[in-house]
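In the working numbering, the protein residues as written are 114 to 738.
From the three backbone atoms N, C-alpha and C, an ideal C-beta is built for every residue, glycine too.
Here is the structure we will look at, set down as structure tokens.
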Amino acid sequence: MKSILGISAFYHDAAAAIVVDGKIVAAAQEERFTRKKHTPEFPINAIRYCLDEAGLSIDELDAVVFYDKPLLKFERLLQTYYSFAPKGLISFLKAIPVWLDEKLFLKKKIYDGLGQVEEYNKNSVTLLFTPHHLSHAASVFYPSPYERAAVLTIDGVGEWCTASIGIGEGNKLSLIKEMQFPHSVGLLYSAFTYYLGFTVNSGEYKLMGLAPYGNPTSQETGRFKKLIETELIQIQQDGSVWLDQSYFNYATGLRMVNEKKWEKLFGLKRRKPEAELLPSHCNLALAIQEVTEEIVLRMAAEAKRLTGATVCCLAGGVALNCVANGKLLRKHIFSDLYIQPAAGDAGGALGAALAIYYQYFEMERKLPVKVAQFQDAMQGSYLGPSYSTQEIERMNKKVKANARFIQSVEELTSIIASELANGKVVGWFQGRMEFGPRALGNRSILGDPRDFAMQKKLNLTIKYREGFRPFAPSVLAEDVTTSFELDSPSPYMLMVAPVQQSLRYTLPAHFQELPLWDRLYYQRSQLQAITHLDYSARIQTVHKETNPRYYQLLQAFKKLTGVGVLVNTSFNVRGEPIVCTPYDAYRCFMSTDMDWLVLGDFVYKKEEQQDYLNKDKWVVKFAKD
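This is how it looks when you write it as structure tokens:
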């Protein structure tokens with residue numbers, strides 16, 4: 114038996130994962146336990162959970178592996194500052210002490226962190242390090258259903274690498290082409306995230322959600338796109354990019370961009386966080402989204418040329434751009450795509466463990482058994498902790514919750530489906546927590562996609578987030594083509610596709626000239642709550658083999674309404690990590706306008722809870738993301 118613990122930490126999205134005899138036993142982000150979103154802190158709680166789930170101690174592990182090579186990162190830091198000197202002196206003076214104190218002594222920090230998990234014999238631990246992009250590539254290839262595949266990784270930056278093309282075959286995985294810092298698609302997208310008033314390493318998905326509010330036929334959008342492609346960057350035929358560093362400060366500065374140069378270039382001041390969204394902001398968001406999509410398509414074509422593979426695996430933060438993923442799928446450069454559900458740095462913990470298992474220990478790789486329309490080793494990404502009936506009962510007593518226990522799954526799903534069909538919002542908490550940024554039906558808030566007011570209600574009175582944000586649909590796998598122009602599985606909510614023409618309403622000729630909020634609340638389709646302004650939707654296909662209870666709920670809803678689709682958004686409020694424990698879920702339920710809560714077999718109606726009108730009693734303030 115070989116058991117490997119993978120760790121990501123100290124940058125953002127700290128996580129841990131454990132692999133035993135090639136099986137992914139457990140994986141979780143540290144933020145879910147500490148309630149600090151995107152925390153970089155050493156994942157003490159996540160490691161402790163993974164070890165408990167595997168029934169192992171640290172002393173019993175064959176290896177502990179970190180997802181990054183810090184000395185190579187330090188080399189990049191020094192060389193970058195040397196190359197740009199004297200620019201960035203203040204940033205350099207701030208960064209160096211941190212690196213000297215923390216990053217260069219990373220081995221000691223890891224050993225000390227493990228000591229906080231439990232007592233162990235330091236001499237028994239084999240501590241290894243994997244390159245950042247190899248960790249990403251391994252996280253997607255080894256769980257994939259493919260014997261041989263191209264592997265495309267695109268993110269901000271690892272040690273030096275910002276994008277890579279690899280080839281995986283059997284238990285072998287190698288990177289054959291790289292793009293290097295400071296030229297980076299991920300950092301380019303993050304620069305626009307910053308300029309449009311969102312938080313870097315957190316708000317990129319908001320930028321993606323804002324893009325459809327832009328006018329694709331406007332002269333301004335075209336002008337923005339041309340300026341990006343001629344002044345900010347150069348895009349090569351193979352998808353590699355060159356960024357004019359005079360416009361950017363991320364290499365040596367304390368900000369992402371040179372704001373004065375950007376203002377002069379675009380004729381648009383940087384949007385302040387929470388400020389009003391203007392049409393120009395939307396058009397700029399659309400321009401960079403379209404440029405990013407073009408780059409991804411070119412990189413994919415180059416991956417196909419270099420590897421000759423018929424299928425492709427995607428990882429890295431840019432692989433979470435589900436709009437680009439959807440366009441890549443429809444372009445048919447490859448016959449099939451597989452995307453890691455934890456594509457960002459959290460997934461690097463899993464990739465590091467898998468890379469060591471297959472490459473360091475040279476273990477045989479067996480393809481996952483096909484149990485549904487798709488096959489992989491991620492188990493639906495349900496790799497986090499679960500909670501027993503007894504644990505939920507203890508929580509009920511502690512908070513004096515009024516709950517009804519329903520033993521029959523059929524009765525439970527029938528009751529909740531009926532409430533959803535009547536316009537109620539339900540917090541749905543079941544089984545093992547999802548690994549990655551998406552709620553996939555185990556830590557979800559659910560609603561009726563047909564309800565015209567549902568998007569506004571969810572954004573403003575439950576999630577407490579920006580009103581322009583779209584919501585995703587969960588759909589019965591066998592019904593996906595009925596509602597969407599998608600003919601392949603999308604179990605991890607990482608594919609955007611158009612809503613079927615038959616479900617759309619015709620928009621007026623002057624639609625693009627309407628104010629943003631008028632466009633948002635204009636009736637676009639029969640599934641209004643999940644239809645974005647461009648008739649698109651970020652789709653999760655639900656399979657009975659990987660999530661039978663959620664599948665049954667969708668079936669019950671379809672029986673009542675004729676529609677096998679639900680609104681599915683993550684169970685949290687703005688700035689909060691997705692809920693982990695029953696208490697997290699109950700507190701969130703009581704602090705919002707959710708109508709019903711389901712914890713396992715327990716059902717909670719808001720009006721039956723003590724002091725249910727006093728939301729402030731349950732509110733926890735989270736930093737806005």
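What three-state label does DSSP hand residue i in the structure shown?
{"i": "proline 481", "result": "coil"}
{"i": "lysine 149", "result": "coil"}
{"i": "phenylalanine 379", "result": "helix"}
{"i": "phenylalanine 735", "result": "coil"}
{"i": "tyrosine 194", "result": "Only weak support exists for where tyrosine 194 lies, its pLDDT of 47 falling under 50; the coordinates are left without a value."}
{"i": "aspartate 697", "result": "helix"}
{"i": "arginine 261", "result": "strand"}
{"i": "arginine 582", "result": "coil"}
{"i": "tyrosine 577", "result": "coil"}
{"i": "glycine 279", "result": "strand"}
{"i": "tyrosine 648", "result": "coil"}
{"i": "serine 237", "result": "helix"}
{"i": "arginine 517", "result": "strand"}
{"i": "tyrosine 255", "result": "coil"}
{"i": "leucine 305", "result": "As written in the sequence, residue 305 is phenylalanine, which differs from the leucine given in the question. Helix, per DSSP."}
{"i": "valine 178", "result": "strand"}
{"i": "serine 359", "result": "helix"}
{"i": "glycine 316", "result": "coil"}
{"i": "threonine 330", "result": "coil"}
{"i": "leucine 633", "result": "helix"}
{"i": "tyrosine 124", "result": "coil"}
{"i": "phenylalanine 487", "result": "coil"}
{"i": "leucine 118", "result": "strand"}
{"i": "serine 297", "result": "coil"}
{"i": "glutamate 720", "result": "helix"}
{"i": "leucine 726", "result": "coil"}
{"i": "leucine 627", "result": "coil"}
{"i": "phenylalanine 242", "result": "strand"}
{"i": "serine 248", "result": "helix"}
{"i": "serine 494", "result": "helix"}
{"i": "leucine 227", "result": "helix"}
{"i": "leucine 640", "result": "coil"}
With a threshold of 8 Å between beta carbons, is residue i in contact with chain C?
{"i": "proline 454", "result": "Absent from the structure is chain C; it holds one protein chain and no more."}
Output the boundary residues of the beta strand (DSSP E) element that contains residue i.
{"i": "leucine 559", "result": "556-560"}
{"i": "alanine 128", "result": "128-133"}
{"i": "alanine 428", "result": "424-428"}
{"i": "tyrosine 451", "result": "449-452"}
Between residue i and residue j, which are expected to be in contact by the criterion C-beta below 8 Å, what is the C-beta distance as a whole number of angstroms?
{"i": "proline 676", "j": "isoleucine 528", "result": "According to the sequence shown, residue 676 is valine rather than proline. That pair is no contact at about 18 Å."}
{"i": "valine 253", "j": "cysteine 426", "result": "4 Å"}
{"i": "phenylalanine 584", "j": "valine 680", "result": "5 Å"}
{"i": "arginine 687", "j": "aspartate 729", "result": "Rounded, the Cβ-Cβ distance is 17 Å, inconsistent with contact."}
{"i": "valine 655", "j": "serine 587", "result": "5 Å"}
{"i": "phenylalanine 311", "j": "leucine 301", "result": "About 15 Å; that fails the 8 Å criterion."}
{"i": "methionine 369", "j": "valine 313", "result": "6 Å"}
{"i": "serine 121", "j": "tyrosine 180", "result": "4 Å"}
Grab the span of the alpha helix (DSSP H) containing residue i for me, first residue to last.
{"i": "glutamate 291", "result": "Run containing glutamate 291: none in the alpha helix (DSSP H); it sits in the beta strand (DSSP E), 285-293."}
{"i": "methionine 508", "result": "502-512"}
{"i": "glutamine 142", "result": "Element bounds for glutamine 142: not the alpha helix (DSSP H) but the beta strand (DSSP E), 136-142."}
{"i": "isoleucine 346", "result": "Counting along the chain, isoleucine 346 falls outside any alpha helix (DSSP H), though it belongs to the beta strand (DSSP E) covering 346-348."}
{"i": "tyrosine 162", "result": "157-167"}
{"i": "glycine 460", "result": "458-468"}
{"i": "aspartate 351", "result": "Aspartate 351 -> no alpha helix (DSSP H), and no H or E assigned at all."}
{"i": "asparagine 396", "result": "392-420"}
{"i": "asparagine 438", "result": "435-444"}
{"i": "valine 370", "result": "Looking at the DSSP string, valine 370 is not in any alpha helix (DSSP H), and its letter there is neither H nor E."}
{"i": "glycine 269", "result": "Segment: none, glycine 269 is in no alpha helix (DSSP H) and carries neither H nor E."}
Report yes or no: do the segment 490-498 and the segment 138-146 share at least 3 C-beta pairs separated by less than 8 Å? yes
Taking only runs of the alpha helix (DSSP H) that begin and end inside the segment 528-573, which ones reach a length of at least 4 residues, in chain order? 567-570
Of all the beta strand (DSSP E) runs that stay within the bounds of the segment 652-717, which reach a length of 3 or more residues? 678-683 and 709-712
What are the uninterrupted segments assigned as beta strand (DSSP E) that are 3 or more residues long and contained completely in the segment 592-625, given in chain order? 608-611
Three or more beta-carbon pairs under 8 Å between the segment 149-168 and the segment 333-344, yes or no? no
Cβ contact (3+ pairs, closer than 8 Å) linking the segment 332-342 and the segment 265-272: no
Counting Cβ pairs closer than 8 Å, one from the segment 219-228 and one from the segment 382-395, do we hit at least three? no
Inter-stretch contact at 8 Å, needing at least 3 Cβ pairs: the segment 399-408 / the segment 431-441: yes
Meets three-Cβ-pair contact criterion under 8 Å: the segment 512-525 and the segment 545-553: no
Determine, using beta-carbon pairs with one atom in the segment 285-300 and one in the segment 358-365, whether at least three such pairs fall under 8 Å. yes
Would you call the segment 269-276 and the segment 244-258 in contact, with 3 or more CB pairs under 8 Å? yes
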